[in-house]
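This report concerns only the one structure given below.
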Amino acid sequence: MKNPTITFTHPQLKSLLNRYPTHQELLLHAAFTLALTPDLLYCLRENFTPGTPWIAVSDILLFLCDSVGFQLYEISPEIRHELLTELTHQNINKLYQ
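Letter 45 of the sequence shown, counting from 1, is numbered 60 in the working numbering, and no numbers are missing.
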């Protein structure tokens, strides 16, 4: 469910989503986990956002995440908080529709 009125404040997040708006749904799902691997992101994409382009996995890992180990990444807490807040708002709005 993509909402064009969403405005994120973190500069990296705004930049990525302005350039690749189709990555938003995958990002919202990725925000649930504390650590990400390429395999986990591909599984999230295949199971929850199959319309997201496959290149979104590398875009997200390289642009928004910090490497914390071999094929292990984390989204910064500020970005993660923003994504989880948006996800909460979307789910609350679904309940009232």
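For every residue, glycine included, the Cβ atom is placed at its ideal position computed from N, Cα and C.
Query: CA-to-CA distance, Gln86 to Tyr35, given in whole angstroms; Result: 23 Å
Query: Beta-carbon proximity check, Cys80 vs Ile90, cutoff 8 Å; Result: yes
Query: Helix, strand or coil at Leu51 according to DSSP, with G and I counted as helix; Result: strand
Query: Classification of Leu77 by the beta-carbon crowding that lies within 10 angstroms, buried from 16 upward; Result: exposed
Query: Of the residues Thr52, Thr100, Gln105 and Pro65, the one placed nearest Ser73, counting alpha carbons only; Result: Thr52
Query: Contact belief for Leu32 with Gln39 at Cβ below 8 Å, rounded distance in angstroms; Result: 6 Å
Query: Unbroken alpha helix (DSSP H) run spanning Ile90, endpoints; Result: Segment Leu87 to Ile90 is the beta strand (DSSP E) holding Ile90; no alpha helix (DSSP H) there.
Query: Cβ pair Gln27, Ile94 closer than 8 Å; Result: yes
Query: Cut-off 6 Å between Cβ atoms - residues of its own chain near Asp54, not counting five sequence neighbours on either side; Result: none
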